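Everything in the sequence shown is counted per my numbering, starting at 35 for the first residue and increasing by one. Every residue gets a Cβ at the ideal spot worked out from N, C-alpha and C, and that includes glycine. Only a predicted model underlies this, so the values are computations on that prediction, with no experimental measurement involved. Here is the structure we will look at, set down as structure tokens.
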Amino acid sequence: MTPHFTPEQAREQLAEVQARRLDTSGDRAVHAWATAAFGGITAFYAAAQNMLSDWVSHTALTLAFVTAWLATGWWVERAARTVPRRAKAWSRLGLAGSLLLVLTVVLPWLNYSAQTAPNTWPMVAAGAAAAAAPALLAAAVIRWRAQ
35 MTPHFTPEQA
45 REQLAEVQAR
55 RLDTSGDRAV
65 HAWATAAFGG
75 ITAFYAAAQN
85 MLSDWVSHTA
95 LTLAFVTAWL
105 ATGWWVERAA
115 RTVPRRAKAW
125 SRLGLAGSLL
135 LVLTVVLPWL
145 NYSAQTAPNT
155 WPMVAAGAAA
165 AAAPALLAAA
175 VIRWRAQ
């Protein structure tokens, strides 16, 4: 025979369950670091494409990029127990913003500047930092937002 709860007991039990938090500060930190890493890796990879002139360099950079992406994905899956509320949405929004900046601002600027003189590593770093900004902002929101 199953016990029957009074409406008041059911409300109390529901309030107790709803008050529990599944995600932790550590889970938010893991997802924030992963979002920042994905954004930074992607922005640097895209910005550095102009610096390389031979297929060996392109292959090595692409291999490093794919390895870093996979390692970050593996780490976040192992380190976090849960996905904090809205973390996926913020992460996707930040990465989309970074990709949009890469495609509309950073790459055209680097391509234009490469017509007169070769791009330098400080230029690539500046472009990558600018492009990574939306992902870094999303990471900050994931990390410090209460829910």
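Query raised in the report: How many angstroms separate the CA atom of Ala167 from the CA atom of Ala159?
Result: 12 angstroms
Query - Reference Leu137; option with closest CA among Glu42, Ala169, Ala165 and Ala121 - result: Ala165
Query raised in the report: Expressed to the nearest angstrom, what Euclidean distance is found between the alpha-carbon atoms of Ser87 and Ala163?
Result: 22 angstroms
Query raised in the report: Would a C-beta distance cut-off of 9 angstroms place Ile176 and Ala66 closer than the cut-off?
Result: yes
Query raised in the report: In terms of residues, what are the limits of the alpha helix (DSSP H) holding Asp88?
Result: That residue, Asp88, is in no alpha helix (DSSP H); it is neither H nor E in DSSP.
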